[in-house]
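Going by my numbering, the first residue of the sequence shown is number 1, and it counts up by one from there.
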Amino acid sequence: MISFAFIERQTHIIHTQTERAEVLKSVGEVQSRMEGIIHSDLQLLRGLVASVSLHPEMNQEEFSALSHLVVDGNDDFYGIAIAPDLIVTLIHPIERHQNVIGLNFNENAAISQLAEQARITRDLVFSGPFELLKSGGTGFAARFPIFVERDGVEVFWGIVSSVLDEYHLYDRAGILDPELGLSFAIRGRNGLGASGDVFFGDEEIFNSDAVLSTINLPVGSWQLAAIPQAGWSTSHFASWWVRVPVILVGLLVLVPTFLMCSISQQRNVMVKSLSRNERQLRDQAQELKKLSTVVESASDSVVINDKFGRIQWVNKAFTDMTGYSFEEAVGQDPANILDGPETNRETIRQIHEHIERGEPFRTEIVNYAKDGRKFWIETYLVPTRDEKGELLFTAAIERDITATKRQEHELAEARNVAERATEAKSAFIATMSHEIRTPMNGIIGMSELLKESKLPPEARGHVKIVHESAQSLLAIINDILDLSSLEAGKLEISSHDFDLRKCIEGAVGLVRATALNKGLKIAVEMSDDLPYFVSGDDGRIRQIMLNLLGNAVKFTSEGQITLRANTDKKDSHRLHIEVEDTGIGLSDEQIPHVFDRFAQADAGIARKFGGTGLGLSIARHLVHQMDGGISVRSALGKGTCFSFTIQVAPAVDVPIIEAVERPIDLSVLRGLRLLLVEDNGTNRFLIHRFLKDAGLEIWDAKDGLEGIDVFEQVQPDIVLMDMSMPKLDGVEATRRIRAMNLPQPPIIALTANAFESDREACLNAGMNDFLSKPLQKKQLLATLIECLKHHERHVDIPQAQAVN
1 MISFAFIERQ
11 THIIHTQTER
21 AEVLKSVGEV
31 QSRMEGIIHS
41 DLQLLRGLVA
51 SVSLHPEMNQ
61 EEFSALSHLV
71 VDGNDDFYGI
81 AIAPDLIVTL
91 IHPIERHQNV
101 IGLNFNENAA
111 ISQLAEQARI
121 TRDLVFSGPF
131 ELLKSGGTGF
141 AARFPIFVER
151 DGVEVFWGIV
161 SSVLDEYHLY
171 DRAGILDPEL
181 GLSFAIRGRN
191 GLGASGDVFF
201 GDEEIFNSDA
211 VLSTINLPVG
221 SWQLAAIPQA
231 GWSTSHFASW
241 WVRVPVILVG
251 LLVLVPTFLM
261 CSISQQRNVM
271 VKSLSRNERQ
281 LRDQAQELKK
291 LSTVVESASD
301 SVVINDKFGR
311 IQWVNKAFTD
321 MTGYSFEEAV
331 GQDPANILDG
341 PETNRETIRQ
351 IHEHIERGEP
361 FRTEIVNYAK
371 DGRKFWIETY
381 LVPTRDEKGE
391 LLFTAAIERD
401 ITATKRQEHE
411 LAEARNVAER
421 ATEAKSAFIA
431 TMSHEIRTPM
441 NGIIGMSELL
451 KESKLPPEAR
461 GHVKIVHESA
471 QSLLAIINDI
481 LDLSSLEAGK
491 LEISSHDFDL
501 RKCIEGAVGL
511 VRATALNKGL
521 KIAVEMSDDL
531 PYFVSGDDGR
541 IRQIMLNLLG
551 NAVKFTSEGQ
561 ITLRANTDKK
571 DSHRLHIEVE
581 DTGIGLSDEQ
591 IPHVFDRFAQ
601 ADAGIARKFG
611 GTGLGLSIAR
621 HLVHQMDGGI
631 SVRSALGKGT
641 CFSFTIQVAP
651 AVDVPIIEAV
661 ERPIDLSVLR
671 GLRLLLVEDN
681 GTNRFLIHRF
691 LKDAGLEIWD
701 AKDGLEGIDV
711 FEQVQPDIVL
721 MDMSMPKLDG
731 VEATRRIRAM
741 NLPQPPIIAL
751 TANAFESDRE
761 ACLNAGMNDF
771 LSKPLQKKQL
781 LATLIECLKH
791 HERHVDIPQA
801 QAVN
C-alpha cells in the first residue's frame, strides 16, 4: 500500500508540472507578441509626434498625408488626433471620425487628468481600455505631450492622442485563439500592474492558481493570467494495469519485487515525460534562435547586462555604433567604455534608480565610441526579475539620435535668428510708428480744429474727407502695431470692471452711422441673463466686435446686420457673441484662410473694399488670449456669421448707479501754469490751439534738458512731456524732475508709441498718465482735469532736512 501511494503521488506531481509548463509556454508567447505589437505601434507614433512638434501649425490636409505615411495599413490604429489646448482640431482618418472635430478634452475630467499627467511627466501616457466618447467602440489611448518654444520658454502646446483597437490587439497577440484551450484575464488598467483593475476576462481566474506573467508597457505594466479552459486537473492516477499487480503482489507478500517493477514502470513514464520536455525545450530553443536572429539583425543597438551591470551580450548594431567588438564589450561595465566628459551624471543616477526598482526607463544620454567620437542615444531599459523579485538581467534598446539632436540645435539656431529678425522688425515698426504718428497728430488735430471753425459747405466736406482718411490711416497703423506686438509676444490683456452691455452698445454705435448711410439695419439681441458688470479688457473686447461689425458693414450692400450676445448655460461669465450679416459671403475655398494674416477673399475684393487683411488675424489672437475661440460659417452670396467665445470674470465692485458723462469743466484749469516739453513744432502749435480756451499760462521747451531748466524757473502746476526728444528723452527728464527738492506737479506723457511697455516705462519713471498721439482735444482736456483732481502737490524732503 505504501508503494501504491508513492507511485500515485509521483504520477500526480509529474502531470501537474507538465500541465503548468505547457500553459506557461503559451502565456510567454502571448506576452511576447503583445509587448512587441504595443512597442512597435508606439514607436511609429513617436515619429509622427516628432513631426508635429516641429510643425504644430499644420493643417488637416498635411496631417492626413503625414498620418497616411505612418499608420495606414496598420489595423491596430483606430484613430489619431491633434488637440492643441486639449481641443481636437485635426483627426485621421477624417472620413471615420469627422464628428470628433471640436471635442474638448477639458470637459472630461478623466482625460484632462491624463493629459495633465503627460504634461508634468513630459512623456507618453498609455491608458485604457475605455469607451470612445463619440466614435463608439473601445480601445487603448496613447497620449503624447507636445511642447513648443514661446519667447525663449518651452510651454505646453497640447497633445497627440491615438487610439489602439482593443480587440484587434488581443486577436493579434493570440489571446482570442480558441486552439490554445486557455482562459485569459488581464489586470492593471492604465498601466497599474497587479494593483490595477481587471479589464479583460473573468476576475476569478486570478484566484484559480493561474500562471502569471507581466506585460511591460512603455509606461507601467499589465499582469496576464491564464488557466486551462476546463480548469486544472484535480487528480491523475496510475492506470489499473499498474495498480492491480502491485496490490496482488503486495497481498502475496511480494511487495518488494513488484515494487521495483512498478518503480521501473514509473521511471519509463518519467523518461517519456522528460523526452517530451526535451522536445519542448528544443522547440523553445528554435524560437529563441529566431528571436536572436531578429535582434542580431535589428537596426537598433541591443545590450543585455547581468544583475551586476556587466555586459552579457550585444548585437551587431552595437558594435557598428560604438566601434567595440563583441569580445571587447562582453564583461565590461558600460560606464567604463561608453561614458565621457559630457555624459550626464544625473541621467546615470536615474538609470540606476529605475533598474533597482525594476521599472522600465526611457531617456537620452551622451555616449562615446571607441575612437572618441561623441554621439547621442535614446535608450529604453527593461529590467527583468525572477519570481522572488531578484534582478536577472537588464535589456537596453538604444538608437543613435545624433542627427536628430543636430537638427534640433540647427532649428534652435534658426529660431534665434528668426527671433532676432522679429525683434529688429518690431523695433523698426515702432520707430516708423513714431515717425508716422507725429505728423498724423498734426493732420488729425488740425482737421479737428478746422471742423470746429466756420467753413463753407464745400470746404467743410474737404476737411471731413481729410479727417476720415487720416483716421483710416491711423487704423492701419494700429493694426500693424498690434501685429508687431503679437509677433513679439507683448500684446497684453488687462483686467478691470466695466459695463458689458454699454461696451456692446458702444461698439454698435460706432458703426451705426456708416450702416445707416448704406441703408442697412443694425439689430442687437442681448439675452436676459447677460451680466451688466464684469471684469476683463473692455478695450480688446470692443476691438474684436468693431472688427467684425466693420467687416459686416463693409461687405454688406443691403439687408441687416445682427449682433447677438449670450452666456454659457454652465458658466454665466463665459460670453458667446456673434455678428451675422446678409452680405457677399465666403466660398468653401476662402473660409479656411479667412483668419490668415494679410488675407483677403481675392484681389478684386481687396481693390473694391480695401483693408490690410490683419483685423481677423488679430481678433483671433485676442480671443485666444482671453481663453476663447472664434469661428465662421458662411455661404457665397448668402451672408456670413462670425462667432466668438471669451472668458470674463465677475466684477469686483459693482456700481449701484451708472455714472453719467458730464460736460468738461474748464474752470479747474484757469490761471494754472502748464509746461509743454515737445520737440515737434506742429504738435506744440496744435496743443496751444486745443488749450486756447482753457485759460492756462503755457511755457514751451523743445527737449528734455530745456524742459528741466524751465521747470526750475517756472515751477508749473502741470507738465505735458513728450517721450522721444533729442538731447534728453522724456522718461529721463521726468526722473530728474522727480528727484528735485521742489513741489511736484502731475506729469502726463505724450508719445507716438502705443506699446504697453512704453506706458509702463512712463509710469515707472514717475509720470501720472499717458496720452498716445494723435491727440484729441476732448481727451487732452479730460486727462488734464482728472490728473489735477487726483494729484496733491508736495515736496519730498530728505529725512535729515526734515529734522533740521
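No residue lacks a Cβ here, since even glycine has one placed at the ideal position from N, Cα and C. Just so we're clear, the structure is a prediction, and the values are computed from it rather than from any experiment.
- Rounded to the nearest whole angstrom, the CA to CA distance from Ile365 to Arg399 is 11 Å.
- Here DSSP, grouped into helix, strand and coil, assigns Asn367 to strand.
- When DSSP assignments are scanned along the region 322-397, the uninterrupted stretches of beta strand (DSSP E) that are 3 or more residues long and fall wholly within it turn out to be 361-368, 374-385.
- DSSP places Gly128 inside the beta strand (DSSP E), whose first and last residues are 125-131.
- Taking 4 residues as the minimum length, the alpha helix (DSSP H) runs contained wholly in the region 150-216 are 166-173, in order along the chain.
- Using a Cβ distance threshold of 8 Å, Ser162 and Ala142 count as a contacting pair.
- Taking the CA atoms as reference points, Gly201 sits about 17 Å from Val23.
- Rounded to whole angstroms, the Cβ separation of Lys521 and Gln560 is 4 Å, and the two are in contact under 8 Å.
- Taking C-alpha positions only, Ile504 is separated from Arg512 by approximately 12 Å.
- When secondary structure is reduced to three states using DSSP, Asp758 falls in the helix class.
- Residue nearest to Leu530 within the set Lys502, Ala396, Arg189, Ser772 is Lys502 (criterion: CA-CA distance).
- Within the same chain, Cβ atoms closer than 7 Å to the Cβ of Val648 are found at Val534, Ser535, Gly536, His573, Leu575, the five residues on either side in sequence being excluded.
- The shortest CA-to-CA distance from Pro774 to any of Asn764, Glu448, Ile493 is the one to Glu448.
- Apart from the 5 residues on each side of it in sequence, Ser495 sits with its Cβ closer than 8 Å to the Cβ of Ser535, Gly536, Asp537, Ala649 in its chain, given in chain order.
- Between the region 662-680 and the region 713-724 there are three or more inter-stretch CB-CB distances shorter than 8 Å, so the stretches are counted as touching.
- For Asp709, the enclosing alpha helix (DSSP H) starts and ends at 704-714.
- A check of alpha carbon separations from Asp717 across Val52, Leu672, Met270 identifies Leu672 as the nearest.
- Distance from the CA atom of Asn764 to the CA atom of Ala749, rounded to whole angstroms, is 12 Å.
- Apart from sequence neighbours up to five positions away, the residues of its chain that approach Trp699 with a beta-carbon distance below 8 Å are Arg673, Leu674, Leu675, Leu676, Val710, Val714, Pro716, ordered along the chain.
- Within the DSSP secondary-structure output, Trp699 pairs in a beta bridge with Leu675.
- Contact annotation: Leu563 and Leu510 have beta-carbon atoms that are not nearer than 8 Å.
- Between Arg187 and Gln229 the beta-carbon gap is near 19 Å, outside 8 Å, which marks them as no contact.
- Around Pro746, the same chain offers Ile718, Asn768, Cys787, His791 as residues with beta carbons nearer than 6 Å, after the five sequence neighbours per side are excluded.
- Unbroken alpha helix (DSSP H) stretches of 4 residues or longer found wholly inside the region 499-583: 500-517, 538-554, given in chain order.
- Linking Pro334 to Ile311 through their CA atoms gives a straight-line distance of about 7 Å.
- Note on Gln744: 16 or more other CB atoms within 10 angstroms of its CB, so buried under the neighbour-count rule.
- Residue environment: His593 is assigned as exposed (fewer than 16 neighbouring CB atoms within 10 Å of its CB, all protein chains considered).
- Contact check for Leu622 and Ile544: beta-carbon distance about 6 Å, within the 8 Å limit, so the pair qualifies.
- Secondary structure at Pro439: helix, using DSSP grouped into helix, strand and coil.
- Checking the DSSP bridge columns, you'll see Thr121 has no partner listed.
- The C-alpha of Leu784 lies about 23 Å from the C-alpha of Leu450.
- Under the DSSP assignment, Leu686 falls in the alpha helix (DSSP H) whose first and last residues are 681-690.
- In this structure Asp758 is not in contact with Leu728, their Cβ atoms being roughly 17 Å apart against a cut-off of 8 Å.
- At a Cβ-Cβ threshold of 8 Å, Val302 and Ala395 count as neighbours.
- In this chain, the beta strand (DSSP E) harbouring Thr645 covers 640-647.
- Counting along the chain, Gln60 sits inside the alpha helix (DSSP H) bounded by residues 60-71.
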